[in-house]
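In this note's numbering, the protein residues as written are 13 to 176.
What follows is the structure, encoded as structure tokens:
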């Protein structure tokens with residue numbers, strides 16, 4: 013006769029994958045909050061004529077994206093539709109477009125940071141669910157009742173044999 017017990021190796025693997033998933037989720041949330049707080053501390057307000065979020069404090073990826081689009085529109089309006097690379101070197105508007113380009117690049121970098129944070133959270137969720145599934149579906153190892161009795165502490169009765 014035999015009794016069944018979950019495989020320790022599979023359950024341990026499931027536990028470690030679950031812990032790793034939780035760690036990724038916490039890291040992703042921490043990164044998201046860090047970027048949001050950093051952007052908010054700059055006290056940037058989305059332009060009132062932006063395609064969305066006008067007048068809001070800039071602290072989300074959507075607001076940053078809307079502001080970059082508005083900066084681009086204003087820069088192209090100032091240059092008559094020409095980009096920084098298309099302007100003559102001595103054109104006085106070139107400095108304005110250079111500043112606009114730097115601002116857009118900085119804001120788009122924050123959008124990328126938000127995206128990476130979201131990716132890390134998603135990977136963490138996947139690892140968490142995988143770890144829980146491994147633990148739930150861990151293979152069953154066949155254990156002889158005599159082996160269980162040998163490992164049982166003194167005064168503890170061995171497990172009953174499984175009924176087939």
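In this text, a Cβ means the ideal position worked out from N, Cα and C, and glycines have one as well.
By the DSSP assignment, the alpha helix (DSSP H) with residue i in it spans what residues?
i          : result
residue 59 : Looking at the DSSP string, residue 59 is not in any alpha helix (DSSP H), and its letter there is neither H nor E.
residue 35 : 20–53
Across which residues does DSSP place residue i in a beta bridge pair?
i           : result
residue 106 : Looking at the DSSP assignment, residue 106 forms no beta bridge with any residue, so it has no partner.
residue 69  : 57
Between residue i and residue j, which are expected to be in contact by the criterion C-beta below 8 Å, what is the C-beta distance as a whole number of angstroms?
i           : j           : result
residue 139 : residue 33  : 3 Å
residue 67  : residue 57  : 6 Å
residue 76  : residue 122 : 5 Å
residue 143 : residue 30  : 3 Å
residue 147 : residue 51  : Going by Cβ atoms, the distance from residue 147 to residue 51 rounds to 39 Å, so no, they are not a contact pair.
residue 145 : residue 109 : With a Cβ gap of about 53 Å, residue 145 and residue 109 do not count as contacting.
residue 114 : residue 47  : With 8 Å as the limit, residue 114 and residue 47 do not qualify as a contact, their Cβ atoms being about 18 Å apart.
residue 22  : residue 151 : 6 Å
Using a 10 Å radius around the Cβ and a threshold of 16 neighbouring Cβ atoms, would you call residue i buried or exposed?
i           : result
residue 149 : exposed
residue 107 : exposed
residue 78  : buried
residue 124 : exposed
residue 44  : buried
residue 19  : exposed
residue 13  : The pLDDT assigned to residue 13 is 37, lower than 50, so where the model puts this residue is not dependable, and the model offers no usable value.
residue 112 : buried
Take residue i as the anchor and find which of the options has the nearest alpha-carbon.
i           : options              : result
residue 49  : 70, 96, 31 and 38    : 70
residue 131 : 38, 27 and 19        : 38
residue 82  : 47, 46, 119 and 101  : 119
residue 59  : 21, 85 and 35        : 85
residue 53  : 117, 72 and 36       : 72
residue 129 : 111, 35 and 55       : 35
residue 89  : 74, 105, 100 and 101 : 105
residue 116 : 103, 141, 24 and 96  : 96
With a threshold of 8 Å, establish whether the CB of residue i neighbours any heavy atom of the ligand ZN.
i          : result
residue 57 : Questions concerning the ligand ZN fall outside what the structure shown contains, since it holds no ligand whatsoever.
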